[in-house]
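In our numbering, the protein residues as written are 3 to 447.
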Amino acid sequence: MKVKEILAELEKKHPGEPEYHQAVKEVLETIEDVYNENPRFAKAGVLERLVEPDRIFTFKVPWMDDKGNVQVNLGYRVQFNGAIGPYKGGLRFHPTVNLSILKFLGFEQIFKNSLTSLPMGGGKGGSDFDPKGKSENEVMRFCQSFMLELWKHIGPETDVPAGDIGVGGREIGFLYGMYKKLASEHTGVLTGKGLNWGGSLVRPEATGFGGIYFVKEMLATNNDTLQGKKVSISGFGNVAWGAALKATQLGATVVTISGPDGYIYDPAGISGEKIDYMLDLRASNQDIVEPYAKKFAGSKFVKGKKPWEVKVDIALPCATQNELNGADAQTLIANKVMLVAEISNMGCTPEAIAEFHKNKIQYAPGKAVNAGGVATSGLEMTQNSMKLNWNKDEVDEKLHSIMVNIHEACVKYGKRADGYVDYVKGANIAGFLKVANAMVDQGLV
Ligand code: 2IT
């Protein structure tokens, strides 16, 4: 196959997009064998078409701050691949957002959504808007201006955005309100909506819960469980919160969370009111975790460091891309980590993944582990279409069985002769096959 040529071509055509190249490289290298075994993929130019988004919208987002000053941000929506369903994926509001980041996220989303077994294509969007320190009115004015442009390109059967970093229930509310006003309709055009206006139970918890259900399955392959395990988590947002909640429920002790300012080490375990406090920390819009150590005795704040230096059984990156590098992986391995599962998107660098594989550490990538978030978004879309609401147990059961199925698919395509499971390969092949076959079936479009 021409993996090398396709990558070289991509780097030439789109220079300065390292995260995007990283995501594409990982997928192409792991699907090479199945691609070569199916000549119909090459004949249909599947890879050449798959690596380019269907289309990208870029727009200006002007808004006025509380002091009356005009501010201008950039807005984007990347509609990456719609072979198996409407484009689906989150919106990220963060100062680091650029096309490389959104194209990597949109590309990953194609395979993640395919793995959920629900009919959703891949997309992603967002803005370089920084929510840190902004007032609620400023956030609202920004969201309204953003939607004033985005609404032309989305719809419940076309493209269904949701949240990501910097976009939670509050932002989805402001975005939805503006969409509804412009389109004159109440419809499932966004997911992560409030419970009283079309949202689904369990969606807020879903990414973290799904991640822990997946970890449970990984452990079960070695007849092990979460009971008594020491767990480190990075981040302190929605994903970290859901993961801490479920891991604790299943008997693990979560000893860290982190922010851009450093990490919290709490040997007694982050449970109960401490997990609730994560929501207060996030709502304060300060993007720091230090106040946790002042509030809870026995915990400490470690300034400017990542939590991967703490000795644990299980490490769960829950913050952002490339947050765990080769040196971090070596530290974890020296400290006898048994399992690493990304609940953030592309949380580990290629060097870190290589360390885990070399040392036969159980490791699974974000596109499999964190698929519970978008899967539950898919369940929200189903409920919106049927105009009814499932109860908590119904949604949670569906989420659980989706995660068990994703794990099974990873094992099916990723198990090596010695029994070690390459979850990267397994997830990429399982996700790819469905999309590639759909693209071939639908002709050159
Ligand atoms: O990365 C992700 O899968 C998300 N941010 C959730 C996307 C969604 O449409 O629920």
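Don't be surprised by glycine CBs; every beta carbon is placed ideally from N, CA and C.
Values in this document were obtained by computation on a predicted structure and should not be read as measured data.
Next on the checklist: Quick check on the DSSP output: the beta strand (DSSP E) that includes L255 runs from which residue to which?
Outcome noted: Taking the first residue of the sequence shown as position 1, residue 255 is located at position 253. The sequence shown places Thr at residue 255, not Leu. Segment 255-261, the beta strand (DSSP E) holding T255.
Next on the checklist: Pop quiz: G92 and V169 are said to be a contact at Cβ under 8 Å. What is the actual Cβ separation, rounded to whole angstroms?
Outcome noted: Here residue 92 refers to the residue found at position 90 of the sequence shown. Here residue 169 refers to the residue found at position 167 of the sequence shown. Cβ-Cβ separation between G92 and V169: approximately 7 Å, consistent with a contact (criterion under 8 Å).
Checklist entry - Among the residues of its own chain, which have a CB less than 8 Å from the CB of G264, if the five just before and after it don't count? => result Working through the sequence shown from its first residue, we reach residue 264 at position 262. Answer for G264: V291, E292, F303, V304, K305, G306, K307, listed in chain order.
Checklist entry - So is the beta-carbon of A164 under 7 Å away from any non-hydrogen atom of ligand 2? => result The ligand content of the structure shown is limited to ligand 1, which means ligand 2 is not among them.
Item to check | Local Cβ density within 10 Å of A270, reported as buried at 16 or more and exposed below that | outcome: Here the question's residue 270 lines up with position 268 in the sequence shown. Exposed: under 16 other Cβ atoms inside 10 Å.
Next on the checklist: My output table needs one value for Q364: the three-state DSSP class, helix, strand or coil.
Outcome noted: On the sequence shown, position 362 is the one that residue 364 refers to. Of the three classes helix, strand and coil, the one that applies to Q364 here is strand, per DSSP.
Item to check | Own chain partners of K400 with C-beta closer than 7 Å, once the 5 adjacent residues on each side are dropped | outcome: One-based indexing of the sequence shown puts residue 400 at position 398. Excluding sequence neighbours, K400 sits near L381.
Next on the checklist: Could you pull the DSSP bridge partners for L93 from this structure?
Outcome noted: Your numbering for residue 93 matches position 91 in the sequence shown. Note: L93 sits in a beta bridge opposite G127.
Item to check | Residues of its chain near A1, where Cβ-Cβ distance is below 7 Å and the 5 sequence neighbours each way are ignored | outcome: As displayed, the chain neither begins before 3 nor continues past 447, which places residue 1 out of reach and without an answer.
Item to check | Contact the stretch 212-219 vs the stretch 247-262: 3+ CB pairs below 8 Å | outcome: yes
Checklist entry - Which residue comes first and which comes last in the alpha helix (DSSP H) that contains T32? => result If you number the sequence shown from 1, residue 32 lands on position 30. 20-39 is the span of the alpha helix (DSSP H), which, as asked, contains T32.
Next on the checklist: Please identify the residue among Y181, E50, P163, M388 whose C-alpha is closest to the C-alpha of G375.
Outcome noted: Taking the sequence shown and counting its residues from 1, one reaches residue 375 at position 373. For G375, the nearest C-alpha among the options comes from P163.
Checklist entry - Leaving out the 5 sequence neighbours to the left and right, which residues in its chain are closer than 8 Å to Q288 when beta-carbon positions are compared? => result Working through the sequence shown from its first residue, we reach residue 288 at position 286. Excluding sequence neighbours, Q288 sits near K134, G135.
Next on the checklist: Determine whether the beta carbon atoms of I86 and A354 lie at a separation below 8 Å.
Outcome noted: By 1-based counting over the sequence shown, the position of residue 86 is 84. By 1-based counting over the sequence shown, the position of residue 354 is 352. Cβ atoms of I86 and A354: not closer than 8 Å.
Next on the checklist: Using a 10 Å radius around the Cβ and a threshold of 16 neighbouring Cβ atoms, would you call Y22 buried or exposed?
Outcome noted: Working through the sequence shown from its first residue, we reach residue 22 at position 20. So Y22 ends up on the buried side.
Next on the checklist: For E311, would you say it is in contact with chain D, using Cβ-to-Cβ distances shorter than 8 Å as the test?
Outcome noted: You won't find chain D in this structure, because it holds only one protein chain.
Next on the checklist: Could you check if V376 belongs to the surroundings of ligand 1, using beta carbon to heavy atom distance under 7 Å?
Outcome noted: The count along the sequence shown starts at 1 and reaches residue 376 at position 374. Because some heavy atom of ligand 1 lies under 7 Å away, the Cβ of V376 counts as near it: yes.
Item to check | Span separating the alpha-carbon of A370 from that of L117 | outcome: Along the sequence shown, read from residue 1 onward, the residue named residue 370 stands at position 368. Along the sequence shown, read from residue 1 onward, the residue named residue 117 stands at position 115. A370 and L117: Cα-Cα distance of roughly 7 Å.
Checklist entry - Where does E207 land, buried or exposed, given buried means 16+ other C-beta within 10 angstroms? => result Taking the sequence shown and counting its residues from 1, the one referred to as residue 207 is at position 205. With 16 or more Cβ atoms within 10 Å of its Cβ, E207 is classed as buried.
Item to check | Supposed contact pair L12 and V26 - C-beta distance, whole angstroms, cut 8 Å | outcome: Position 24 of the sequence shown, counting from 1, holds the residue named residue 26. Position 10 of the sequence shown, counting from 1, holds the residue named residue 12. Between V26 and L12, the beta carbon gap of about 6 Å places them in contact (Cβ cut-off 8 Å).
Item to check | Strand pairing of T160, partner residues [DSSP] | outcome: Against the sequence shown, residue 160 aligns to sequence position 158. Looking at the DSSP output, T160 sits in no beta bridge, so it has no partner there.
Item to check | Cα-Cα separation, T60 to I316 | outcome: Taking the first residue of the sequence shown as position 1, residue 60 is located at position 58. Taking the first residue of the sequence shown as position 1, residue 316 is located at position 314. So the two alpha carbons sit approximately 40 Å from each other.
Checklist entry - Based on Cα-Cα distance, which residue from A438, Q444, V447 lies nearest to V48? => result For this step, residue 48 is matched to residue 46 along the sequence shown. Checking every option, the nearest Cα to that of V48 belongs to A438.
Checklist entry - Where does G75 sit, in a helix, a strand or coil, going by DSSP? => result The sequence position of residue 75 within the sequence shown is 73, counting from 1. This sequence places Asn at residue 75; Gly is not what is there. Correct three-state label for N75: strand.
Item to check | Exposure of G127, with buried meaning 16 or more beta-carbon neighbours within 10 Å | outcome: Position 125 of the sequence shown, counting from 1, holds the residue named residue 127. Buried.
Next on the checklist: Can you list, in chain order, the residues of its chain with a C-beta nearer than 8 Å to that of N2? Leave out the 5 residues immediately preceding and following it.
Outcome noted: What is shown of the chain runs 3 to 447, which leaves residue 2 out entirely.
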